[in-house]
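S.K.: Chains A and C, in that order, give the protein sequences.
In this text, residue positions in the first sequence follow my numbering: the first is 30, and each later residue adds one.
In this text, residue positions in the second sequence follow my numbering: the first is 188, and each later residue adds one.
Cβ coordinates follow ideal geometry from the N, Cα and C atoms, glycine included.
Take this structure, written in structure tokens, and hold onto it; I'll ask about it next.
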Amino acid sequence: MAELTSLTLEQARAGLRSGEFSASELVEAHLQAMERARALNAYVLETPDQARTMAAASDSRLKGHEARALEGIPVGIKDMFATKDVRTTACSHILDNFVPTYESTVTANLWRDGAVMLGKLNNDEFAMGSSSESSYFGPVISPWRRRGANTPLVPGGSSGGSAAAVAANLCLGALGTDTGGSIRQPAAYTGTVGVKPTYGRCSRWGIVAYASSLDQAGPLARTVQDAAILLRSIAGHDEKDSTSVDLPVPDYEAAIGKSVKGLKIGIPREYRIPGLAAEIEALWQAGIGWLKNAGAEIVEVSLPHTQYALAAYYIIAPAEASSNLARYDGVRYGLRAAARELGDMYRNTRAQGFGAEVRRRIMIGTYVLSAGYYDAYYLRAQKVRALVRRDFEDVFASGVHAILAPATPSPAFGIGEKGRDDPTELYLNDVFTVTVNLAGLPAISVPGALSQEGLPLGLQLIGRPFDEETLFALANVIERSAGRFSPERWW
Amino acid sequence: MSIDADTVRRIADLARIAVAEEEIEHLRGELNAILTFVEQLSRVDVNGVEPVTSVVPMQLKKRKDEVTDGQILDQVLRNAPATDDDFFLVPKVVE
């Protein structure tokens with residue numbers, strides 16, 4: 030039954046509805062695949078009992094011809110989403126015994142539509158990272174290897190478990206979160222499709238907060254169509270999130286195969302950074318060619334404040350994190366360290382509970398928000414953010430429908446290879462993705478080619494606010510031109 | 188701008204994170220690397236620029252002022268490390 034796991038979500042949906050196989054068979058195939066793939070460390074918690082119960086319920090619905098949009102579709106959930114009665118940790122020691130009494134809105138939307146939960150997926154601690162190495166449960170190992178080598182590689186991050194699970198056929202789709210590129214960069218590193226929706230498109234209620242003005246939930250899947258199907262389910266207004274937007278949710282799947290003729294595609298000259306790998310540049314040119322062949326018009330555009338986006342991000346994100354993570358105090362939930370006095374209890378709990386990268390970001394955030402430094406750092410960063418956003422507004426106002434750029438400056442790297450001595454070395458990975466979060470825009474990462482060493486490379490399309498449909502149509506053109514990429518199984 | 192060991196101690200205290208004396212120097216280096224990295228923002232002309240306060244331009248929504256939740260004391264306390272009756276228990280605050 031192994032081949033059931035290699036179906037696309039859309040193929041599985043058709044097979045379930047025609048009765049070719051049952052939801053229970055589909056789930057068993059995935060549970061077996063997960064067991065064989067434990068070396069990848071993609072799941073931090075497998076939930077086979079829940080999966081079987083949900084699949085059985087789906088099977089009776091399917092028999093009664095009452096199938097909902099995602100009936101019987103097995104998915105994995107990043108451990109940043111609160112799941113009722115299922116341990117949720119953000120892959121941090123400080124939450125490693127936390128069992129929510131409530132369900133996040135976006136996961137509740139998946140279950141409302143009949144999806145089946147396989148388990149919780151690994152990520153960088155509190156989603157702070159670009160390699161999924163900072164998890165309390167240990168690093169995620171990419172299912173991809175360089176041609177002829179067995180060096181373990183990172184799957185990217187922070188949604189590295191989600192990306193690895195989708196690429197290795199350990200689920201038909203997964204949820205991730207994207208604060209500075211945490212869906213798009215791992216998607217690019219693993220040959221999968223990742224969508225960061227417009228800020229406000231999906232509810233943030235029940236997601237472990239990292240940087241609230243940047244965080245957004247989104248799907249990872251093996252095809253553009255599968256990602257569109259998942260986004261339609263999770264998107265929508267939620268009264269419990271005051272920043273969620275009350276706009277109708279389009280049928281994103283209908284955008285697949287739609288003509289892109291006459292669409293104006295911007296190529297931002299500032300993304301041609303010094304030292305951009307030749308193979309990334311070649312991929313970018315290939316992407317331009319594919320869209321041109323499909324009838325799109327290519328224009329060069331300028332986003333002049335791009336070079337300052339990373340610095341603004343690495344002030345704003347830690348500032349919001351230091352405030353959001355103040356709640357982990359050992360009093361109401363999570364870890365508590367022994368101490369005789371309340372102040373020491375806080376300090377010891379937070380010292381023991383947070384890993385090195387989280388501690389660093391909290392301290393930077395605390396510093397830039399502290400008296401005397403607020404204006405120089407935080408306020409200035411929020412002004413630069415306004416300029417980054419204005420750059421995009423100007424480009425879109427000139428008639429551009431979407432922007433095409435690489436998703437990452439390089440392919441995946443080895444575990445432990447980056448960021449050892451200087452934490453900012455890893456930050457540079459986010460150079461093409463953070464601008465989108467600062468401006469609140471939607472973007473999609475879609476595989477475009479393999480590197481000379483045989484590793485996936487991704488292209489990124491950035492869209493107008495709430496115009497995810499155009500991104501799906503364009504990404505589908507790239508997907509049809511480039512083909513799909515899957516790793517050879519070694520695990 | 189470079190921060191010194193005393194500033195590291197002060198930030199750690201504000202953030203309520205215990206830092207051992209032998210970690211200070213290493214942490215100082217890491218924090219300075221980040222601060223040096225973000226220093227480039229001082230080159231941007233931000234005169235007359237309004238800071239971002241809302242990611243998507245929209246009016247903050249208001250809901251009806253009514254109770255929509257509550258009576259879930261057991262759920263609120265379920266994950267607490269220490270409780271006493273209906274209260275969270277913490278180490279002694281005053282002698």
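1. For residue 30 of chain A, name the three-state secondary structure that DSSP assigns.
2. Residue 198 of chain C touches chain A at which residues, Cβ-Cβ below 8 Å?
3. From the DSSP output, which residues share a beta bridge with residue 474 of chain A?
4. Taking buried to mean at least 16 other C-beta atoms within 10 Å of its own C-beta, is residue 234 of chain A buried or exposed?
5. Quick one: Cα of residue 420 of chain A to Cα of residue 378 of chain A, how far?
6. So for residue 391 of chain A, helix, strand or coil by DSSP?
7. Mind listing, in chain order, the continuous beta strand (DSSP E) runs of no fewer than 3 residues lying wholly within the segment 138-222 of chain A?
8. So which of A/171, A/79, A/230, A/237 has the shortest CA-CA distance to residue 107 of chain A?
9. Any chance the segment 245-259 of chain A sits against the segment 32-51 of chain A, with 3 or more Cβ pairs inside 8 Å?
10. Would you mind stating whether residue 172 of chain A and residue 197 of chain A have Cβ atoms separated by less than 8 Å?
11. Would you please verify whether the beta carbon of residue 266 of chain C is less than 8 Å from any beta carbon of chain A?
12. If residue 184 of chain A sits next to residue 497 of chain A, beta carbons under 8 Å apart, how far is it from one beta carbon to the other, in whole angstroms?
13. Which residue marks the beginning of the beta strand (DSSP E) containing residue 295 of chain A, and which one marks its end?
14. Between residue 148 of chain A and residue 105 of chain A, which are expected to be in contact by the criterion C-beta below 8 Å, what is the C-beta distance as a whole number of angstroms?
15. Please report the distance separating the alpha-carbon of residue 449 of chain A from that of residue 507 of chain A.
16. Just how far apart, CA to CA, sit residue 298 of chain A and residue 331 of chain A?
17. Kindly indicate which residue of A/418, A/481, A/499 has the alpha-carbon position closest to the one of residue 241 of chain C.
18. From the DSSP output, read off the bridge partner residues of residue 329 of chain A.
19. Is residue 250 of chain C closer than 8 Å to residue 375 of chain A when the C-beta atoms are compared?
20. Taking the alpha helix (DSSP H) that residue 340 of chain A falls in, what are its first and last residues?
21. Among A/76, A/432, A/436, which one has its Cα closest to the Cα of residue 494 of chain A?
22. Helix, strand or coil for residue 305 of chain A? Go by DSSP, reduced to three states.
23. Let's test the definition: count the other Cβ atoms within 10 Å of the Cβ of residue 59 of chain A and tell me whether it reaches 16, buried, or not, exposed.
24. On the criterion of 16 or more Cβ atoms from any shown chain inside 10 Å, does residue 276 of chain C qualify as buried, or is it exposed?
M.R.: Inspection of the coordinates gives the following:
1. Low per-residue confidence applies at residue 30 of chain A: pLDDT is 43, beneath 50, and the placement is therefore not dependable, though the value from the model is reported in the following sentence. If DSSP states are grouped into helix, strand and coil, residue 30 of chain A belongs with coil.
2. 392, 395, 396, 399
3. A/223, A/489
4. buried
5. 43 Å
6. helix
7. 145-150, 202-206
8. A/237
9. yes
10. yes
11. yes
12. Contact flag wrong, Cβ pair sits at about 24 Å.
13. 293-297
14. 6 Å
15. 36 Å
16. 6 Å
17. A/418
18. A/296
19. no
20. 335-353
21. A/432
22. coil
23. buried
24. exposed
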